[in-house]
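Take a look at the structure below.
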Ligand code: S3P
């Protein structure tokens with residue numbers, strides 16, 4: 008297996024790095040490692056929503072419905088984007104909301120962790136607390152979500168393939184892509 012080389016120059020983020028993509032793409036594990044590599048704080052939006060609601064996401068869906076969850080998700084993302092520069096892992100649906108997408112474009116840099124169906128299936132099978140997959144055929148759900156969401160995730164200015172089993176290799180690709188992106192954006 009060939010590992011990507013790390014970035015040759017130090018790089019400092021000037022905007023929050025916002026990881027987007029489907030359930031199982033690795034947003035949380037890549038985000039945590041990326042934050043430590045960039046010497047930034049890491050925050051998981053799903054965890055923040057749970058803290059704000061005082062209960063797990065499963066319960067929010069069950070007791071209040073998906074629409075209430077999405078409202079909370081929009082508010083939490085708006086707050087996190089106003090905090091000092093950090094790495095933010097979003098839940099899979101966050102970037103699908105047009106307001107959240109606009110807020111991320113204005114204040115952060117979105118990175119889509121793109122993964123194949125096989126990867127998503129393997130990784131989501133490790134947890135059983137995702138309401139959208141509960142009592143459903145995960146392959147059918149994920150396939151439908153890929154059809155519906157991949158064209159929207161593709162609006163992210165940075166796309167990184169996340170099928171490689173190694174978190175570190177994905178992190179290295181994200182850092183390289185962030186560097187290239189900020190060079191291209193520089194006046
Ligand atoms: C969701 C993804 C989940 C969580 C919620 C809804 C989605 O986050 O926000 O269950 O709509 O794709 P992860 O992508 O971190 O699993």
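In the working numbering, the protein residues as written are 8 to 194.
Backbone N, C-alpha and C fix where the C-beta goes; we use that ideal spot for every residue, glycine too.
None of these values were measured; they are calculated from a predicted model.
| Query | Result |
| --- | --- |
| Neighbourhood of residue 48 by C-beta distance below 6 Å, restricted to the same chain and skipping five residues each side | 93 |
| heavy atom of ligand 1 below 7 Å from residue 153 C-beta | no |
| Member of 62, 178, 91 and 103 whose CA lies at the smallest distance from the CA of residue 156 | 103 |
| C-beta atoms of residue 149 and residue 128 nearer than 8 Å | yes |
| Beta-carbon proximity list for residue 8, same chain, < 6 Å, skipping 5 on both sides | Here residue 8 scores only 44 on pLDDT, less than 50, and its place in the model is too uncertain to base an answer on. |
| Contact test: residue 98 Cβ vs ligand 1 heavy atom, cutoff 7 Å | yes |
| Residue 66 in three-state terms, based on DSSP | helix |
| Residue interval of the alpha helix (DSSP H) (run including residue 103) | Segment: none, residue 103 is in no alpha helix (DSSP H) and carries neither H nor E. |
| Given 8 Å, three or more beta-carbon pairs between the stretch 132-141 and the stretch 167-187 | no |
| DSSP three-state assignment for residue 185, whether helix, strand or coil | helix |
| Contact test: residue 127 Cβ vs ligand 1 heavy atom, cutoff 7 Å | no |
| Sufficient close CB pairs (3 or more, under 8 Å) joining the stretch 80-89 to the stretch 102-121 | yes |
| Whole-angstrom distance between residue 116 and residue 193, CA atom to CA atom | 14 Å |
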